[in-house]
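Asker: Below is a structure I'd like to ask you about.
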Amino acid sequence: MSTSLTETISPTGSFTPDIFAQHLAAQTGLPDWWLDAKRTAWAQFQSSPLPTIRDEAWRFSTRSGIKLDGYAPASASPSAQLPAHASDLPCAARLVFSNNVLAQHTALAADLAARGVIVEPLRDALVKHGDLVRRYLNQQHTNLGGDKFRALHTALAHDGVFIYVPAGVEVPTPIAVVHQASGAGATVFPHTLVVAEANARATIAEFFTSAEPDAVQLASGVNDLFAGPGAQLNYIAAQAWSSQTLAFQHNAITADRDARILALNVHLGGRQARHESHSRLIGPGAHSEMLALTVAQGTQEFDQRTLQTHQAPHTSSNLLYKNALLDSARTIFSGLIVVEPDAQKTDAYQSNRNLMLSDTAEANSLPGLEIQANDVRCSHGATTSRLDPEQEFYLLARGIPKAQAAELLLFGFFEKVLGEIPHEGLYQTIRALIQTKLKK
Amino acid sequence: MSAIEIKDLHVAIGDKPIVKGLSLTIKQGEVHAIMGPNGTGKSTFSKAIAGHPDYTITQGDVLIDGQSILALEPDERARAGIFLAFQYPCEIPGVSIANFIRAAMQARLKDGEELDATGYYKQLYAQMDSLKIDRKFTSRAVNDGFSGGEKKRCEILQMAMLKPRFAFMDETDSGLDIDALRIVSEGIEHMRGADLGILLITHYQRLLNHIVPDFVHVMYDGRIVKSGDKSLALELEAKGYDWVKTELAAS
Numbered sequence: 008m009s010t011s012l013t014e015t016i017s018p019t020g021s022f023t024p025d026i027f028a029q030h031l032a033a034q035t036g037l038p039d040w041w042l043d044a045k046r047t048a049w050a051q052f053q054s055s056p057l058p059t060i061r062d063e064a065w066r067f068s069t070r071s072g073i074k075l076d077g078y079a080p081a082s083a084s085p086s087a088q089l090p091a092h093a094s095d096l097p098c099a100a101r102l103v104f105s106n107n108v109l110a111q112h113t114a115l116a117a118d119l120a121a122r123g124v125i126v127e128p129l130r131d132a133l134v135k136h137g138d139l140v141r142r143y144l145n146q147q148h149t150n151l152g153g154d155k156f157r158a159l160h161t162a163l164a165h166d167g168v169f170i171y172v173p174a175g176v177e178v179p180t181p182i183a184v185v186h187q188a189s190g191a192g193a194t195v196f197p198h199t200l201v202v203a204e205a206n207a208r209a210t211i212a213e214f215f216t217s218a219e220p221d222a223v224q225l226a227s228g229v230n231d232l233f234a235g236p237g238a239q240l241n242y243i244a245a246q247a248w249s250s251q252t253l254a255f256q257h258n259a260i261t262a263d264r265d266a267r268i269l270a271l272n273v274h275l276g277g278r279q280a281r282h283e284s285h286s287r288l289i290g291p292g293a294h295s296e297m298l299a300l301t302v303a304q305g306t307q308e309f310d311q312r313t314l315q316t317h318q319a320p321h322t323s324s325n326l327l328y329k330n331a332l333l334d335s336a337r338t339i340f341s342g343l344i345v346v347e348p349d350a351q352k353t354d355a356y357q358s359n360r361n362l363m364l365s366d367t368a369e370a371n372s373l374p375g376l377e378i379q380a381n382d383v384r385c386s387h388g389a390t391t392s393r394l395d396p397e398q399e400f401y402l403l404a405r406g407i408p409k410a411q412a413a414e415l416l417l418f419g420f421f422e423k424v425l426g427e428i429p430h431e432g433l434y435q436t437i438r439a440l441i442q443t444k445l446k447k
Numbered sequence: 084m085s086a087i088e089i090k091d092l093h094v095a096i097g098d099k100p101i102v103k104g105l106s107l108t109i110k111q112g113e114v115h116a117i118m119g120p121n122g123t124g125k126s127t128f129s130k131a132i133a134g135h136p137d138y139t140i141t142q143g144d145v146l147i148d149g150q151s152i153l154a155l156e157p158d159e160r161a162r163a164g165i166f167l168a169f170q171y172p173c174e175i176p177g178v179s180i181a182n183f184i185r186a187a188m189q190a191r192l193k194d195g196e197e198l199d200a201t202g203y204y205k206q207l208y209a210q211m212d213s214l215k216i217d218r219k220f221t222s223r224a225v226n227d228g229f230s231g232g233e234k235k236r237c238e239i240l241q242m243a244m245l246k247p248r249f250a251f252m253d254e255t256d257s258g259l260d261i262d263a264l265r266i267v268s269e270g271i272e273h274m275r276g277a278d279l280g281i282l283l284i285t286h287y288q289r290l291l292n293h294i295v296p297d298f299v300h301v302m303y304d305g306r307i308v309k310s311g312d313k314s315l316a317l318e319l320e321a322k323g324y325d326w327v328k329t330e331l332a333a334s
């Protein structure tokens, strides 16, 4: 028997209308506006095409294209085996999700709750603090090309975390959020929304992990950060999905007058992992620190798209994305600094540094500037380097074996970013995750 | 007692022969000094023994207790007991001194053995104190932004921690002011003992005022051309290297 097959890639893949209908039917007791947002998002997801590398926002992205087939969005059940991530980390509160479902919740200390701090599952927050959540939830889009996958996220997100720190309150230890995907075909939609009011301070540590190291999975997550006047927010994330995960993460940062937001992302997992991050500086004196580290191994592809939008005068942003590439891995960095006409005295910096540990790895860098004001200081740059043979010899001459010498130098290359992690415990946890990945 | 035996060593950089038949035996407990004018192959010789990939050994052998070390990788040579104190120690941003020395000590343990952190820091601080290195340096990146004197003291610190059997100290005195020279010399003198063979490579006699060698060798054009005791260094200082050159030409 012979049949001629014309392969047509479905733009919605495994995400059929039935899947959405089932999902929606299960969202009982949640506000109407949220369900409406889901319907709108579903329509957007369905009607928008899959990206191709001909799209500017997807330049250099995977040549084989993105397919949404082969996932099992409805069937995956949570794993009983929860990840050990961050379990030793001293934290103010901890929420662990397994396949989108809250599996463990260490509630916030009573004194912080009494001062108005909210760290709750999104489903609870939608009911208890609906108006507050609505003011921020999905209000700030990333606009970096992955809208279709953000729409899929909004349509199918089951839960998430809502973190709210009232004016003047400081949460002294990190708030930990852990997401685990488990089982073949599992699809997860992590959502973390953080709002810090005027002069509030908090650190959020988010971990993305898979129960099986090589399971085929899909993740599309959102983490949006809002910092009010004078607030200081640190968001530290470690992405360690399985080696076969197709991952999207959408991050929008909004910093008001004199606020400072640090977003530090460590990318380790995934077959193809795309990260979109957009900082908006909306009030004078606002600062956004955008840092990232990537260990790209095997045939992994990490695709990072960034935007630094300066809307107010006297704002600053600093981006430093460092990639270490091994084997035949690929990275793409595409970053743009936009200075709007009113944003005089902007100080913006953007740097992508690639450390090539293999001759067959490929680092692509597309830095960009778009300046509409005349009194600004902006610079951007990209570098690609190899291990320095003199540094390597120095370590060998002290008896350190070659593989360990390379690891020390890799951590040396990362230290400028790692050193920005607040809280020693969190620093050690992140270091250990990188070490685990390097031992694979 | 162990000995390192360097036999008729020839070293080239690319096609260019630099060391041309150097022979020398250093026993544990001995302090040797090699002196000689610039460009005579002193640094090349020590880097070749440590296994630097840019230096090719074209002839001869280097043996520790009768076993050739030339097939060993640089890290294996170091673990076999060789230490090279660099003339220009390399800056390694992002790698702290504490982590660096710890990795080097961990590499000397058997598989599965973990370095005891408390004991390690105790030892590290004690050595730093005696070398007058601020304890805050443990978290500083290796040689990154260090002054010349700080770099050299850091080399001595590594040596004190790693306890080699044979130390090749390449112009450890260069770039040091009088105080730093004294501290560094005291550090070396402190380690001097039955378990350590030292080769001091130096251009000047002044280091040898602080560390009195058992043997002095004069190197010229890739070879040792004259050997003697400490008085040879003084003679060299008085007469200059031209004296050696003239003597060589006459013979």
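Protein chains in written order, with our numbering: chain A, 8 to 447; chain P, 84 to 334. Every residue gets a Cβ at the ideal spot worked out from N, C-alpha and C, and that includes glycine.
1) Within the same chain, show all residues whose beta-carbon is closer than 8 Å to that of A/E414, passing over the 5 residues directly before and after it, in chain order.
2) Can you grab the Cα-Cα spacing for the pair A/N107 / A/F52, in whole Å?
3) Does DSSP put A/L440 in a helix, in a strand, or in coil?
4) How long is the line joining the alpha carbons of P/V102 and A/F400, rounded to whole angstroms?
5) Between A/S189 and A/S86, which are expected to be in contact by the criterion C-beta below 8 Å, what is the C-beta distance as a whole number of angstroms?
6) How far does the beta strand (DSSP E) with A/Q251 in it reach, from first residue to last?
7) Using a Cβ cut-off of 8 Å, which residues of the region 400–414 of chain A contact any Cβ in chain P, in chain order?
8) Buried or exposed: which applies to P/S334, given that a residue is buried once 16 or more other Cβ atoms fall within 10 Å of its Cβ?
9) At a cut of 8 Å, does the region 313–331 of chain P reach the region 136–146 of chain P through at least three beta carbon pairs?
10) With 9 Å as the threshold, decide whether the Cβ of A/E422 is near any Cβ in chain P.
11) Using only the alpha-carbon positions, how far apart do P/I96 and P/S151 sit?
12) Counting only Cβ pairs nearer than 9 Å, list the residues of chain A close to P/Q241.
13) What residues from chain A crowd round P/A133, counting only those whose CB sits closer than 9 Å?
14) Leaving out the 5 sequence neighbours to the left and right, which residues in its chain are closer than 8 Å to A/A336 when beta-carbon positions are compared?
15) Does any residue of chain A have a CB that is nearer than 9 Å to the CB of P/I175?
16) Given that a residue counts as buried once 16 or more other Cβ atoms are within 10 Å of its Cβ, and exposed if not, what is A/S372?
17) Note down the Cα distance separating P/L283 from A/R312, rounded to an integer number of angstroms.
18) Just to make sure I have the definition right: I need the residues of chain P whose C-beta is within less than 9 Å of the C-beta of A/E427. Which are they?
19) Nearest by alpha-carbon distance to A/A81: which of A/I26, A/N258, A/I437 and A/G137 is it?
20) Please confirm whether A/D395 has its beta-carbon closer than 9 Å to some beta-carbon of chain P.
21) Spell out whether any CB of chain P is found under 9 Å from the CB atom of A/L416.
22) My assumption, with CB atoms under 8 Å, is that A/H257 sits in contact with A/V229. Please give the rounded CB distance.
23) So, does the region 290–297 of chain P touch the region 125–132 of chain P, judging by three or more C-beta pairs under 8 Å?
24) Exposed or buried, which one is A/I16 when buried takes at least 16 other CB atoms within 10 Å?
25) At the 9 Å Cβ level, is P/D194 part of the contact set with chain A, yes or no?
26) What is the rounded straight-line gap between the Cα of A/E427 and the Cα of P/K110?
27) Give the single residue among P/R306, P/L331, P/Q288 and P/A181 whose Cα lies nearest to the Cα of P/S314.
28) For P/L291, which residues in chain A fall below 8 Å Cβ to Cβ?
29) Nearest chain A C-beta to P/L245 closer than 9 Å, yes or no?
Answerer: In short:
1) For this step, residue 414 of chain A is matched to residue 407 along the first sequence. Hits under 8 Å: Q442 and L445.
2) For the purposes of this step, residue 107 of chain A is identified with residue 100 of the first sequence, where counting begins at 1. For the purposes of this step, residue 52 of chain A is identified with residue 45 of the first sequence, where counting begins at 1. Taking the straight line joining both Cα atoms gives about 20 Å.
3) Counting from 1 along the first sequence, the entry for residue 440 of chain A is found at position 433. Three-state result, A/L440: helix.
4) Within the second sequence, the letter at position 19 stands for residue 102 of chain P. Within the first sequence, the letter at position 393 stands for residue 400 of chain A. Each residue's Cα considered, the two are about 21 Å apart.
5) Position 182 of the first sequence, counted from the first residue, corresponds to residue 189 of chain A. Position 79 of the first sequence, counted from the first residue, corresponds to residue 86 of chain A. Confirmed, about 3 Å.
6) Mapped onto the first sequence, residue 251 of chain A falls at position 244. Taken as a continuous stretch (DSSP letters only), the beta strand (DSSP E) holding A/Q251 covers Q251 to A262.
7) F400, Y401, L402, L403, A404, R405, G406, I407, P408, K409, Q411 and A412
8) The residue labelled residue 334 of chain P in the question sits at position 251 within the second sequence. Exposed, since its Cβ has fewer than 16 Cβ neighbours within 10 Å.
9) These segments do not touch.
10) In the first sequence, residue 422 of chain A corresponds to position 415, counting from 1. Yes, contact with chain P.
11) Here residue 96 of chain P refers to the residue found at position 13 when the second sequence is read from its first residue. Here residue 151 of chain P refers to the residue found at position 68 when the second sequence is read from its first residue. Each residue's alpha carbon lies about 21 Å from the other.
12) The count along the second sequence starts at 1 and reaches residue 241 of chain P at position 158. Residues of chain A passing the Cβ test: R405.
13) Translated into the one-based positions of the second sequence, residue 133 of chain P becomes position 50. Proximity of chain A to P/A133 at the Cβ level (cut-off 9 Å) is accounted for by F400, L403 and A404, in chain order.
14) What you label residue 336 of chain A is simply residue 329 of the first sequence in a count that begins at 1. Taken in chain order, the residues that qualify are A303, Q304, G305, T306, Q307, E308, F309, S365, A368 and E369.
15) Along the second sequence, one-based indexing puts residue 175 of chain P at 92. It does; some Cβ of chain A falls within 9 Å.
16) Here residue 372 of chain A corresponds to residue number 365 of the first sequence, with the count starting at 1. With 16 or more other Cβ atoms within 10 Å, it is buried.
17) What you label residue 283 of chain P is simply residue 200 of the second sequence in a count that begins at 1. What you label residue 312 of chain A is simply residue 305 of the first sequence in a count that begins at 1. Whole-angstrom Cα-Cα distance: 55 Å.
18) Sequence index remark: in the first sequence, residue 427 of chain A carries index 420 (1-based). Annotation: A/E427 has no Cβ neighbours in chain P at a cutoff of 9 Å; minimum Cβ distance is about 12 Å.
19) The residue labelled residue 81 of chain A in the question sits at position 74 within the first sequence. The shortest Cα separation from A/A81 among A/I26, A/N258, A/I437 and A/G137 belongs to A/I26.
20) Sequence index remark: in the first sequence, residue 395 of chain A carries index 388 (1-based). At least one chain P Cβ lies under 9 Å of A/D395.
21) By one-based count along the first sequence, residue 416 of chain A stands at place 409. Closer than 9 Å: yes.
22) Indexing the first sequence from 1 puts residue 257 of chain A at position 250. Indexing the first sequence from 1 puts residue 229 of chain A at position 222. At roughly 5 Å, the Cβ-Cβ gap stays under 8 Å, so A/H257 and A/V229 are in contact.
23) These segments do not touch.
24) For this step, residue 16 of chain A is matched to residue 9 along the first sequence. That one is exposed.
25) Taking the second sequence and counting its residues from 1, the one referred to as residue 194 of chain P is at position 111. By this cut-off, P/D194 is not an interface position.
26) Reading the first sequence from its first residue, position 420 is the one you call residue 427 of chain A. Reading the second sequence from its first residue, position 27 is the one you call residue 110 of chain P. So the two alpha carbons sit approximately 49 Å from each other.
27) Translated into positions along the second sequence, residue 314 of chain P becomes position 231. Closest by alpha carbon: P/Q288.
28) Stepping through the second sequence from its first residue, residue 291 of chain P is reached at position 208. Ordered by position in chain A, no residue passes the 8 Å Cβ test against P/L291, which lies about 25 Å from the chain.
29) The residue labelled residue 245 of chain P in the question sits at position 162 within the second sequence. Interface residue, yes.
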